[in-house]
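Novice: Could you have a look at this structure, given as structure tokens, before my questions?
4 protein chains.
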Amino acid sequence: MRYAYLGPAGTFTEAALLGVEGAREAERRPVSSVPVALAAVRAGEVDAAMVPIENSVEGGVTATLDAVATGSELRIVREALVPVSFVLVAAPGTTLADVRTVSTHSHAWAQVRGWMDGHLPGADYVPASSTAAAALSLLPGAAAEPGFEAAVCSPVVVEQHPELEVLAEDIGDNRAAVTRFVLVARPDAPLPPRTGADRTTLVIPLWEDRAGALMEILEQFATRGVNLSRIESRPTGNFLGEYFFSVDVDGHLHDARVADALMGLRRVCPSTRFLGSYPRADHKLATVARHHSDGAFREAAAWVAALQGRGAHRPGAAGAGPA
Amino acid sequence: MRYAYLGPAGTFTEAALLGVEGAREAERRPVSSVPVALAAVRAGEVDAAMVPIENSVEGGVTATLDAVATGSELRIVREALVPVSFVLVAAPGTTLADVRTVSTHSHAWAQVRGWMDGHLPGADYVPASSTAAAALSLLPGAAAEPGFEAAVCSPVVVEQHPELEVLAEDIGDNRAAVTRFVLVARPDAPLPPRTGADRTTLVIPLWEDRAGALMEILEQFATRGVNLSRIESRPTGNFLGEYFFSVDVDGHLHDARVADALMGLRRVCPSTRFLGSYPRADHKLATVARHHSDGAFREAAAWVAALQGRGAHRPGAAGAGPA
Amino acid sequence: MRYAYLGPAGTFTEAALLGVEGAREAERRPVSSVPVALAAVRAGEVDAAMVPIENSVEGGVTATLDAVATGSELRIVREALVPVSFVLVAAPGTTLADVRTVSTHSHAWAQVRGWMDGHLPGADYVPASSTAAAALSLLPGAAAEPGFEAAVCSPVVVEQHPELEVLAEDIGDNRAAVTRFVLVARPDAPLPPRTGADRTTLVIPLWEDRAGALMEILEQFATRGVNLSRIESRPTGNFLGEYFFSVDVDGHLHDARVADALMGLRRVCPSTRFLGSYPRADHKLATVARHHSDGAFREAAAWVAALQGRGAHRPGAAGAGPA
Amino acid sequence: MRYAYLGPAGTFTEAALLGVEGAREAERRPVSSVPVALAAVRAGEVDAAMVPIENSVEGGVTATLDAVATGSELRIVREALVPVSFVLVAAPGTTLADVRTVSTHSHAWAQVRGWMDGHLPGADYVPASSTAAAALSLLPGAAAEPGFEAAVCSPVVVEQHPELEVLAEDIGDNRAAVTRFVLVARPDAPLPPRTGADRTTLVIPLWEDRAGALMEILEQFATRGVNLSRIESRPTGNFLGEYFFSVDVDGHLHDARVADALMGLRRVCPSTRFLGSYPRADHKLATVARHHSDGAFREAAAWVAALQGRGAHRPGAAGAGPA
């Protein structure tokens, strides 16, 4: 297997990839951006790419949401949750008192502002293209003068580069912060089997009249008892006020209630895109009311088929009427 | 063919039955009540029964609504609309000035009150078990003294008994009044073929919390674009506030949107009863939005089947995503 | 006080009226029909009329539902529940074996059919304008030969006329049967005070497209947590498929959630008619979620008023935003 | 008046601010981030701050959405739309062939990727904290060696610094791109008067069970005919799957339908936050159905008040019932 991931080595994304069985032994290609990673999947250069999709502090990763929503189809085949923990690193011999300027990715900066205000209130900020890139440029022998004395990065970078000086650990403002990653493959990848604790990801364009149209979409889920665990709006980029929705629902394409909701969605919104069904990383089982169970769908289909003369009449299949 | 109908001969119900091709030559059995007519169908003594179900002035015929909702299953296979027109008849030689007391069925009486207030303001009313029965007891040679001088009945009675004196014609308060009849057979009767202008009749029990539960039922129709042309609540007879709904929807069991709505209903309300799909007497075609058409349901099912690996991938079957 | 009621004396309706404090001493005028009773109220000839509105077996009393829905406005100021119990009576000296023909009101006949099939299987039925009228014509010295040997009526008739022979008691098929009556006054009658266990009755015309329009009406209740305890459709009489709905909701005009729902209804359906708020006969308290309570409505109105600069800013009135 | 804006001078944000009457003569303070700008408003150091809220390509500006949603209350008092147009600039004497590395803000970079792929396919990218900052570091005499040969910025920068070499103009991939800015003040700022073409911005926390809760929120708008022109979900930052929604609706706090929807929202979601009503920059008038008009709300309130005995009975105020 060959994997791409949002690099460089040492990012939280690599940590997520290393959790996939066999990934440690597989080819792992760090790339510079989410679109590049997904382009490598589409071109067949790698089998799958690990990319971040959602962060509990910063929200959806828009580059990922947009890249999977357009272009040739892709399939999410796995998700991973990685706790977000930040360390402040510097070149060997540096102390906290030496730090005037700090660099990191802007998302990471947003998550350590509280610590910075408390411990380095006067520090300037220099944006970097990734947390790891900022840290690596502090290594002895790095190409150029970095223009900053410290960097905020993942502990993984320190594991790989123990020569870095760790000035402070666990400096994130929110200790429960977590990033969710997805492993994205081509649409001919095998559909992961149903486990009972599954998630299905969809892209649903929204057309004019927002309140009514969005309600019509949500009704497709609500009338089948399909719960939404994530909903995010994204601009299509065409003009202000034109959106698509990126949603996760509880359940699997092979759950009757999910399949039925997809049929309803497909009718009212023909360009709905299916991005995959896959096991939840937290193994949380879906709760399903009896009348939304596979059995209830099967029984209802058999009843209608019998009425239409397509199936065998079975005892109890006929409507009892009011008792 | 053998038919039962709500008698005696000369009622509007017989008029409705005579409109069925072949009925003039068939055995026609007048019976004393709707339950008796339907019992004859259930027992196999007749092949079908013509009974009134709805009147544009008086509303639903509760005896019919209740009799088809409970007991062994039945199927409506045809409907008929009969304009309601009333005449005032008397024994030969009677004049309007002779009339002190008038008899007819209470439903008919309600529909001629305006005329009576204008032309016979002091007349007393005597209830009768049917419009025809009242009229026939005025015929020369009738068994007993009737206790009234005039009767309100259908013009059909006069056609069959020209010796009756017609004191006034077309005395109904609402000239557009019409009664709808249904021809009821056993559930093994062939399902009438789809014409594009069809009606489907259902019985739907309603359980606790009315506003929410009724909305859940209506949503099953609304989300599939199935229009309701009639909805009536009836008590189950068990206790105050326990209802079932008798509804007509536009469309046929073989329309995908109707079949899909029935599956949804069956899940949320397992004792829903199907009472038949049959051509509308007014031949009014149903209007169906593109996304509720058979083609849209077929395409959506094929899309989901392809995603599930159950069908062939077809060009255009995949979700396009936001353009 | 002067009261009208659906007579003659001895009906269940008089029993309901006698339950009103002061009614035993008041003038009580039996009249021949519900429209006549309500006409007497409208004309100011009586102060109020007691009429049946709903029966647990037979359903809505259509004469009442229609008479209060049209014409000049009326107000329901009280309700009463009367258990329905039937006795079979005859002229003195008659025995069950003598009975060939039985008379009663058609609604009562429907409720004793099971007993009749078991005890008098061959008996003929003669309709009567009321249960009491049938019974009274069996009294010694009644004007004419009745044409039947027995009558089905309320036990009240026997109390008032002990000379009647009681052939059987408690012959109703459904022992839990109950009829609900309402006391109807003119719209200037004082609004009964709120008790916490109140009912509000409304008439709501329904316009074209039934599923959607009915849902829009129900939403007005559902979004304010107002429960429906009765909903009945009635034809307007104009043409098939044109309805109005007669509904009861839990709560009082002075409950904020009810008043707010009425405002919403009035906008989407301007000819909605208010028929009164009055205490429930069963004293069942309404269950109201915190966010539908009077306090929640008051707080929300104060918040908006403060935003608009119409009210005082109060501590905690401002939106806290996501915590 | 004193204004803060997302600086430095020369950004699209300053262009938006310069469109406010009087702003050219007012004190204009460029600040380094949206949170800093809003903190200056909250602290009373400036009267208002101009910040970007939405971009037709990149979507919501999360820093702004989050900063106005929490902390002490703020009010949006004006919006501005600025077409997004990009130029590629360099130090004097530079040519396109000299460019190896390009710097700009990451949002701007995302919007010129197509042009770069076509004209500078091998160029490296260096992130900058703003488009203007990147450009200004190319000016002769800038503090340090910039580490890149060209920058992507707004044409405003070139107006202010004509010595910059313009290598290419109008290089944005989407010529219709536009950014929406809002002018944010303290909550005691006067509410802008209603114009008929207004927008209202709200923050609505979403609690458990997404599909149902989101539908309950949307219903508050839909049942009053209030259209949503923008809806965005944002994480609260507490844990994955906990959101708030940032929405814009058509209409003004002084429109009855908007005020009524706010009351409904406040009840079902007490921590809803009102962020202001202000004229739309595009002057597009709201379309309002008759039954959602101020007149309809006024009439409905008067009707209920009259029923409650709080207002004068007026001709036509009473429900007409079914005609």
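Chains C, X, V and U are the protein sequences, given in the same order. For the first sequence, full-length UniProt numbering assigns the number 1 to the initial residue and increments by one for each residue that follows. For the second sequence, full-length UniProt numbering assigns the number 1 to the initial residue and increments by one for each residue that follows. For the third sequence, full-length UniProt numbering assigns the number 1 to the initial residue and increments by one for each residue that follows. For the fourth sequence, full-length UniProt numbering assigns the number 1 to the initial residue and increments by one for each residue that follows. In this text, a Cβ means the ideal position worked out from N, Cα and C, and glycines have one as well.
1. Is the CB-CB distance between X/Leu81 and X/Arg199 below 8 angstroms?
2. Would X/Ala151 and X/Ala135 be called neighbours here (beta carbons separated by less than 8 angstroms)?
3. Quick one: Cα of X/Arg314 to Cα of X/Ala296, how far?
4. Below 8 angstroms CB to CB, which residues in the same chain sit around X/Ala111 once its five sequence neighbours on both sides are set aside?
5. Can you find a CB in chain C that lies within less than 8 angstroms of the CB of U/Glu45?
6. Answer yes or no: does any C-beta atom of chain U fall closer than 8 angstroms to that of V/Val268?
7. Quick check on C/Leu120: does DSSP put it in helix, strand or coil?
8. Check each candidate in X/Leu228, X/Glu242, X/Arg186, X/Pro35 and name the one with the smallest Cα separation from V/Glu242.
9. Which bits of chain V does X/Gly196 rub up against, with CB to CB less than 7 angstroms?
10. Is C/Val46 closer than 8 angstroms to C/Leu6 when the C-beta atoms are compared?
11. If we ignore side chains and look at the alpha-carbon of each, how far apart do V/Ala9 and V/Ala23 end up?
12. Please state if the CB of X/Val77 and the CB of X/Ala90 are separated by a distance shorter than 8 angstroms.
13. Around the C-beta of U/Thr195, are 16 or more other C-beta atoms found within 10 angstroms, so that it is buried, or is it exposed?
14. Taking just the CA atoms, how far does V/Ser246 sit from V/Ala252?
15. Exposed or buried, which one is V/His292 when buried takes at least 16 other CB atoms within 10 Å?
16. Can you find a C-beta in chain C that's less than 8 angstroms from the C-beta of U/Val57?
17. DSSP three-state call for C/Met215: helix, strand or coil?
18. Please confirm whether U/Thr223 has its beta-carbon closer than 8 angstroms to some beta-carbon of chain V.
19. Determine whether the Cβ of V/Val304 lies closer than 8 angstroms to any Cβ atom of chain U.
20. Once DSSP output is grouped into helix, strand and coil, what is the label at V/Arg113?
21. Give me the residue from U/Ala185, U/Leu206, U/Val258 with the minimum Cα distance to U/Ser233.
22. Can you pull the chain U residues whose beta carbon is under 8 angstroms from the beta carbon of C/Arg42, in chain order?
23. Within 8 angstroms (strictly less), CB to CB, does U/Arg186 reach chain C?
24. Identify the contact partners of U/Ala128 in chain C, using a Cβ-Cβ distance below 9 angstroms as the criterion.
25. If you check the beta carbons only, do C/Val31 and C/Ala43 fall under 8 angstroms apart?
26. Are the CB atoms of X/Leu164 and X/Met50 nearer to each other than 8 angstroms?
27. Report the rounded CA-to-CA distance for X/Thr287 versus X/Thr201, giving the unit in angstroms.
28. Can you tell me whether U/Phe148 is helix, strand or coil according to DSSP?
29. Considering only heavy atoms of the ligand SAM, does any lie closer than 7 angstroms to the CB of U/Ala69?
30. Taking the alpha helix (DSSP H) that V/Pro155 belongs to, which residues open and close that run?
31. Would you list, in sequence order, the uninterrupted beta strand (DSSP E) runs of no fewer than 3 residues that lie entirely inside the stretch 43-117 of chain V?
32. Using the Cα positions of V/Arg113 and V/Ala213, report the straight-line distance between them to the nearest angstrom.
33. Residues in its own chain within less than 7 angstroms of V/Ala281 by CB, not counting five upstream and five downstream?
34. Which one or two residues does DSSP pair with C/Thr287 in a beta bridge?
35. Please go through the same chain and pick out, in chain order, the residues whose beta-carbon is closer than 8 angstroms to the beta-carbon of V/Thr62, but skip the five residues on each side of it.
36. With a cut-off of 8 angstroms, does the C-beta of X/Gly309 fall near any C-beta of chain C?
Specialist: So, to answer that:
1. Translated into the one-based positions of the second sequence, residue 81 of chain X becomes position 81. Translated into the one-based positions of the second sequence, residue 199 of chain X becomes position 199. Going by C-beta atoms, X/Leu81 is not nearer than 8 angstroms to X/Arg199.
2. Translated into positions along the second sequence, residue 151 of chain X becomes position 151. Translated into positions along the second sequence, residue 135 of chain X becomes position 135. Cβ distance < 8 angstroms, so X/Ala151 and X/Ala135 count as in contact.
3. As a working note, residue 314 of chain X is residue 314 in the second sequence. As a working note, residue 296 of chain X is residue 296 in the second sequence. Low confidence applies to X/Arg314: its pLDDT is 47, below 50, so where it sits in the model is not reliable, and the reading given next is rough at best. Rounded to the nearest angstrom, the two C-alpha atoms are 15 angstroms apart.
4. Counted from its first residue, the second sequence places residue 111 of chain X at position 111. Inspection of the sequence shows that residue 111 of chain X is occupied by Gln rather than by Ala. In its chain, beyond the 5 residues on either side, Val57, Glu58, Val84, Phe86, Gly172, Asp173, Asn174, Ala177 have a beta carbon closer than 8 angstroms to the beta carbon of X/Gln111.
5. As a position in the fourth sequence, residue 45 of chain U is number 45, starting the count at 1. Taking Cβ atoms only, chain C never reaches closer than 8 angstroms to U/Glu45, which makes this a no.
6. As a first step, residue 268 of chain V must be located in the third sequence, where it is residue number 268. Closer than 8 angstroms to some Cβ of chain U, the Cβ of V/Val268 qualifies, so yes.
7. Residue numbering aside, residue 120 of chain C sits at position 120 when the first sequence is read from its first letter. Coil at C/Leu120, not helix or strand.
8. Within the third sequence, the letter at position 242 stands for residue 242 of chain V. Among X/Leu228, X/Glu242, X/Arg186, X/Pro35, the Cα nearest to that of V/Glu242 is on X/Leu228.
9. Taking the second sequence and counting its residues from 1, one reaches residue 196 of chain X at position 196. What X/Gly196 touches in chain V: nothing, since even the nearest Cβ is about 19 angstroms away.
10. Sequence index remark: in the first sequence, residue 6 of chain C carries index 6 (1-based). Sequence index remark: in the first sequence, residue 46 of chain C carries index 46 (1-based). Taking 8 angstroms as the Cβ cut-off, C/Leu6 and C/Val46 do not qualify as a contacting pair.
11. Position 9 of the third sequence, counted from the first residue, corresponds to residue 9 of chain V. Position 23 of the third sequence, counted from the first residue, corresponds to residue 23 of chain V. One Cα belongs to V/Ala9, the other to V/Ala23, and the distance between them is close to 14 angstroms.
12. By 1-based counting over the second sequence, the position of residue 90 of chain X is 90. By 1-based counting over the second sequence, the position of residue 77 of chain X is 77. It is not a contact, given that the beta carbons lie outside the stated cut-off.
13. Here residue 195 of chain U refers to the residue found at position 195 of the fourth sequence. Under this definition U/Thr195 is an exposed residue.
14. Numbered from 1 along the third sequence, position 252 holds the residue referred to as residue 252 of chain V. Numbered from 1 along the third sequence, position 246 holds the residue referred to as residue 246 of chain V. Checking the sequence, you will find His at residue 252 of chain V rather than Ala. Rounded to the nearest angstrom, the two C-alpha atoms are 16 angstroms apart.
15. Counted from its first residue, the third sequence places residue 292 of chain V at position 292. So V/His292 ends up on the buried side.
16. In the fourth sequence, counting from the first residue as 1, residue 57 of chain U sits at position 57. Taking 8 angstroms as the threshold, the shortest C-beta distance from U/Val57 to chain C falls below it.
17. Along the first sequence, read from residue 1 onward, the residue named residue 215 of chain C stands at position 215. Residue state, collapsed to three classes: helix.
18. Reading the fourth sequence from its first residue, position 223 is the one you call residue 223 of chain U. So, interface residue.
19. If you number the third sequence from 1, residue 304 of chain V lands on position 304. Taking Cβ atoms only, chain U reaches closer than 8 angstroms to V/Val304, which makes this a yes.
20. In the third sequence, the residue the question calls residue 113 of chain V occupies position 113. V/Arg113 falls in the helix class under three-state DSSP.
21. Start at 1 with the first residue of the fourth sequence, and residue 233 of chain U comes out as number 233. Ranking U/Ala185, U/Leu206, U/Val258 by Cα distance to U/Ser233 puts U/Leu206 first.
22. As a working mapping, residue 42 of chain C is identified with position 42 in the first sequence. Here the premise fails: no neighbours, minimum Cβ distance about 16 angstroms.
23. As a first step, residue 186 of chain U is located in the fourth sequence; it is residue number 186 there, counting from the start. Not closer than 8 angstroms to any Cβ of chain C, the Cβ of U/Arg186 fails to qualify, so no.
24. For the purposes of this step, residue 128 of chain U is identified with residue 128 of the fourth sequence, where counting begins at 1. Correct list: Pro127.
25. Your numbering for residue 31 of chain C matches position 31 in the first sequence. Your numbering for residue 43 of chain C matches position 43 in the first sequence. In this structure, C/Val31 keeps its C-beta atom at 8 angstroms or more from the C-beta atom of C/Ala43.
26. The count along the second sequence starts at 1 and reaches residue 164 of chain X at position 164. The count along the second sequence starts at 1 and reaches residue 50 of chain X at position 50. Contact: no.
27. The sequence position of residue 287 of chain X within the second sequence is 287, counting from 1. The sequence position of residue 201 of chain X within the second sequence is 201, counting from 1. Spanning the two alpha carbons is a distance of roughly 18 angstroms.
28. The count along the fourth sequence starts at 1 and reaches residue 148 of chain U at position 148. Residue state, collapsed to three classes: coil.
29. As for the ligand SAM, it is missing from this structure, which has no ligand bound.
30. Within the third sequence, the letter at position 155 stands for residue 155 of chain V. First-last of the alpha helix (DSSP H) with V/Pro155: 155-160.
31. 48-55, 75-83, 87-90, 101-104
32. Within the third sequence, numbered from 1, the residue matching residue 113 of chain V stands at position 113. Within the third sequence, numbered from 1, the residue matching residue 213 of chain V stands at position 213. When rounded, the distance between both Cα atoms is 39 angstroms.
33. The residue labelled residue 281 of chain V in the question sits at position 281 within the third sequence. Only Glu79, Ala80, Leu81 meet the Cβ criterion.
34. The residue labelled residue 287 of chain C in the question sits at position 287 within the first sequence. Beta-bridge analysis with DSSP links C/Thr287 to no other residue.
35. The residue given as residue 62 of chain V occupies position 62 in the third sequence. Excluding the 5 residues flanking it on each side, V/Thr62 has same chain C-beta neighbours closer than 8 angstroms at Arg234, in chain order.
36. As a first step, residue 309 of chain X is located in the second sequence; it is residue number 309 there, counting from the start. Chain C contact via Cβ: present.
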